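S.K.: If you scroll down you'll find the structure; I have some questions about it.
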Amino acid sequence: MKTDILEVFDNSYPGRDYTIEIVNPEFTSVCPKTGLPDFGTITVTYMPDRSCIELKSLKYYFLEFRNAGIFYENITNRILDDLAGACMPRSMTVKAEWNARGGITETVTASYSSAGS
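No gaps in the numbering here: position 66 of the sequence shown is 51 in our numbering, and each next residue is one more.
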């Protein structure tokens, strides 16, 4: 995935604790085993520090996964690493909820904290 397309902007309220939640209910990728499409909802929740994620660039970043053969666990952790690296938040959680395939659903959640916990 190209992380250089992610853009951020200055947080106008860096001294205040507040939460931003971004939901992408139309996330798609490809199963690396079967080549079949996977569909899910990605929810990014974060407490910004000095910068915030710009949404148009995030949309294009998410589209980079559309044809990528990647496991659910790897997608979730990759998104967390890329987004936390781009905006250096106080904390961030990425939750990936996958639509059923073969009667089985999966949800993967990964978290980051600037305090290291």
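All C-beta atoms, glycine included, are put in the ideal place defined by N, C-alpha and C. Just so you know, these numbers come straight off a predicted model, no measurement behind them.
Can you list, in chain order, the residues of its chain with a C-beta nearer than 6 Å to that of THR92? Leave out the 5 residues immediately preceding and following it.
M.R.: GLU82
S.K.: Mind checking PRO17: buried by the 16 CB within 10 Å criterion, or exposed?
M.R.: exposed
S.K.: LEU153 to PHE47, Cα distance in whole Å?
M.R.: Absent from the structure is residue 153, since the part of the chain shown begins at -14 and ends at 102.
S.K.: LEU68 and ALA95 - do their beta-carbons sit closer together than 8 Å?
M.R.: Against a cut-off of 8 Å, the Cβ pair of LEU68 and ALA95 comes out as no contact.
S.K.: Within 8 Å, do at least three Cβ pairs link the stretch -8 to 11 to the stretch 52 to 63?
M.R.: Counting Cβ pairs under 8 Å, fewer than three are found: no touch.
S.K.: Would you tell me roughly how many angstroms separate the C-alpha atoms of CYS43 and VAL29, rounded to the nearest one?
M.R.: According to the sequence as given, residue 43 is Leu; it is not Cys. If you take the alpha carbons of LEU43 and VAL29, they lie about 11 Å apart.
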